[in-house]
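Written below as structure tokens is the structure these notes are about.
There are 2 protein chains.
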Amino acid sequence: MVRSRGRIDKRQAILDGAFTVFARQGYAQACVQEIANEAGVAKPTVYNHLTDKATLFRHAMQTAAQTALHERLAALEPLAEPGPDLRATLEEVGHRLLRLHTDDRSCALRRLLYSEITQFPDILDIVTESGPHRLTQAVADRLARLTLAGRLRASDPDRAAEQFMALLTGPLEARSRMGTRRIDDAELHEIARAAVGTFLASFGPADG
Amino acid sequence: MVRSRGRIDKRQAILDGAFTVFARQGYAQACVQEIANEAGVAKPTVYNHLTDKATLFRHAMQTAAQTALHERLAALEPLAEPGPDLRATLEEVGHRLLRLHTDDRSCALRRLLYSEITQFPDILDIVTESGPHRLTQAVADRLARLTLAGRLRASDPDRAAEQFMALLTGPLEARSRMGTRRIDDAELHEIARAAVGTFLASFGPADG
DNA sequence: AGTATTTTGAACTCATGAGTTCAACAGAGG
DNA sequence: CCTCTGTTGAACTCATGAGTTCAAAATACT
Numbered sequence: 045m046v047r048s049r050g051r052i053d054k055r056q057a058i059l060d061g062a063f064t065v066f067a068r069q070g071y072a073q074a075c076v077q078e079i080a081n082e083a084g085v086a087k088p089t090v091y092n093h094l095t096d097k098a099t100l101f102r103h104a105m106q107t108a109a110q111t112a113l114h115e116r117l118a119a120l121e122p123l124a125e126p127g128p129d130l131r132a133t134l135e136e137v138g139h140r141l142l143r144l145h146t147d148d149r150s151c152a153l154r155r156l157l158y159s160e161i162t163q164f165p166d167i168l169d170i171v172t173e174s175g176p177h178r179l180t181q182a183v184a185d186r187l188a189r190l191t192l193a194g195r196l197r198a199s200d201p202d203r204a205a206e207q208f209m210a211l212l213t214g215p216l217e218a219r220s221r222m223g224t225r226r227i228d229d230a231e232l233h234e235i236a237r238a239a240v241g242t243f244l245a246s247f248g249p250a251d252g
Numbered sequence: 045m046v047r048s049r050g051r052i053d054k055r056q057a058i059l060d061g062a063f064t065v066f067a068r069q070g071y072a073q074a075c076v077q078e079i080a081n082e083a084g085v086a087k088p089t090v091y092n093h094l095t096d097k098a099t100l101f102r103h104a105m106q107t108a109a110q111t112a113l114h115e116r117l118a119a120l121e122p123l124a125e126p127g128p129d130l131r132a133t134l135e136e137v138g139h140r141l142l143r144l145h146t147d148d149r150s151c152a153l154r155r156l157l158y159s160e161i162t163q164f165p166d167i168l169d170i171v172t173e174s175g176p177h178r179l180t181q182a183v184a185d186r187l188a189r190l191t192l193a194g195r196l197r198a199s200d201p202d203r204a205a206e207q208f209m210a211l212l213t214g215p216l217e218a219r220s221r222m223g224t225r226r227i228d229d230a231e232l233h234e235i236a237r238a239a240v241g242t243f244l245a246s247f248g249p250a251d252g
């Protein structure tokens, strides 16, 4: 078969292919040869760029986690300049987050994190720090601003953010059967609506 | 070494030992010899009772899931006869659920479920049916009763139960860093209190 | 005691896959 | 054209672990 040879950026291809295969097979079941095939590269090239299967895994996870975090942070943007209808804005943001949360790579990332946390305790630091923690922080920042502006009553923004995220992702995990079942957009909207409803009942402005 | 021989109940010992080792190592990294050692049994005995490593895994997961479900259902009992202080009862139940949720075997069960769901899609049926689903159902039943008795306003008990569970377990997952960090009882109480607070703000009786 | 059943340990087969080696090879730069 | 660096494929070593075999021993049942 004819492949592009030479010193083109194989590294990124390898990391992408690695995550794809790890996501499909899990760490132990994934074999390096298959990763090489997926990346369109020879096996020694893989070892040339990343010494170990373990190193390969760590780097693949890190890249995937950073990508996921950036996507999520971008989804929060509407909260910076919320329109007159705060409920609608929150539902919009919630829906976007749910969409990202149901993404195949996101699900795979969570699965891999859960499964290999015993073998790779250090990955938790790499991923969590640029993962849910930072995201919840960012949400808390937004909620604090909104509280100062008198549009929310989140006296403890961190807890409010924590519960906002929980109300979104908790029901999702249960309904998607851990990412196994596909969930259509209508159901995502419904979950977001319900989450925002409960959230505002507790943290919304005094008049309703 | 001197071991108890004969046809005493080795099967249960094998399943227990299997879950212990799977919990420690994950499916792929666990080796049958080690499971046999953990169970105080010879390797061929394991294959005598459970044909495969895969079969062994399935049965171990099923047993663990059933145990976990029973514990959780028992924790709901106070909701059957709630005292005059509904908030206190909910917090009590919430705290008990959190305790069970942070249990080592519980965390291991969730981890294994997440990690092997690709290799063993059928385990999801075995476990989920006797897992979170049934639990949320049971909570919904209780909430429906309380609503009929005029002590709650959960017009949709299923959604209320879903959110109640989410408010409990969501913050827990984040804070425990996926079961990595230990969480003391005080923090569990605090999470339960916060969860019930938000829950009652949305579903509590009209007067507060 | 005597017979049937199960357990045991140890050694075995066999497949799989990580990581290496190496000679041939492609492309960039001089 | 020639060299240097990175890539390739194929064959290799080596460790690990699933599942089996078997004769000896322990236990249960009568």
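So the protein sequences, as listed, match chains E and W. All the letters of the first sequence, read from the start, carry residue numbers 45 to 252 under our numbering. All the letters of the second sequence, read from the start, carry residue numbers 45 to 252 under our numbering. Virtual Cβ for every residue (Gly too), placed ideally from N, Cα, C.
Going by the CB atoms, is the gap between residue j and residue i shorter than 8 Å?
i	j	result
T146 of chain E	S220 of chain E	yes
I209 of chain E	G214 of chain W	It is worth fixing the name first, because residue 209 of chain E is Met in this sequence and not Ile. Yes; because the gap between Cβ atoms is below 8 Å, this pair is in contact.
Q13 of chain E	T242 of chain W	Residue 13 of chain E is absent from the model: chain E starts at 45 and stops at 252.
A30 of chain E	L187 of chain E	This structure cannot speak to residue 30 of chain E, because chain E is shown only from 45 to 252.
Q110 of chain E	S174 of chain E	yes
L59 of chain W	H114 of chain W	no
K97 of chain E	V76 of chain E	yes
A57 of chain W	L156 of chain W	no
Y158 of chain W	S150 of chain E	no
L144 of chain W	R116 of chain W	yes
L153 of chain W	L212 of chain W	no
A72 of chain E	V65 of chain E	no
V85 of chain E	L100 of chain E	no
M105 of chain E	I161 of chain E	no
Where does residue i sit, in a helix, a strand or coil, going by DSSP?
i	result
Q73 of chain E	coil
I170 of chain E	helix
Q163 of chain E	coil
V46 of chain W	Confidence at V46 of chain W is low in this model, with a pLDDT of 30, below 50, so the placement of that residue should be treated as unreliable; the coordinate-derived value is given next. If DSSP states are grouped into helix, strand and coil, V46 of chain W belongs with coil.
L196 of chain W	coil
S220 of chain W	coil
I79 of chain E	helix
V65 of chain E	helix
A104 of chain W	helix
V85 of chain W	coil
D96 of chain E	coil
G175 of chain E	coil
D257 of chain W	This structure gives no information on residue 257 of chain W, because the portion of chain W shown stretches from 45 to 252.
R186 of chain W	helix
R116 of chain E	helix
R225 of chain E	coil
A210 of chain W	helix
A250 of chain E	coil
Taking the alpha helix (DSSP H) that residue i belongs to, which residues open and close that run?
i	result
E121 of chain W	No alpha helix (DSSP H) holds E121 of chain W; DSSP gives it neither H nor E.
L40 of chain E	Not covered by the structure: residue 40 of chain E. The range shown for chain E is 45 to 252.
L232 of chain W	D229 to F247
Can you check which of these residues, the options, is closest to residue i by C-alpha distance?
i	options	result
A193 of chain E	E:V85, E:L130, E:V76 and E:A83	E:L130
V240 of chain W	W:A132, W:A86, W:T191 and W:R140	W:A132
R197 of chain W	W:A250, W:A118 and W:I235	W:A250
R237 of chain W	W:A86, W:V183, W:G61 and W:G138	W:G138
R203 of chain W	W:D185, W:E217, W:R195 and W:L216	W:D185
L123 of chain W	W:I170, W:V183 and W:A83	W:V183
I170 of chain E	E:P201, E:T107, E:Q163 and E:E121	E:T107
R189 of chain W	W:E82, W:E135, W:T162 and W:E125	W:E125
P176 of chain W	E:E136, E:A218 and E:T172	E:A218
I227 of chain E	E:D148, E:R195, E:A119 and E:L168	E:D148
K225 of chain W	E:E136, E:T172 and E:G127	In the sequence under discussion, the amino acid at residue 225 of chain W is Arg, which differs from the Lys named in the question. The residue with the shortest Cα to Cα distance from R225 of chain W is E:T172.
A112 of chain W	W:P88, W:F63 and W:P201	W:F63
R195 of chain W	W:L134, W:T162 and W:I161	W:L134
S201 of chain E	E:H93, E:I235 and E:G248	Here the sequence assigns Pro to residue 201 of chain E, which means Ser is not the residue at that position. Minimum Cα distance to P201 of chain E is reached at E:G248.
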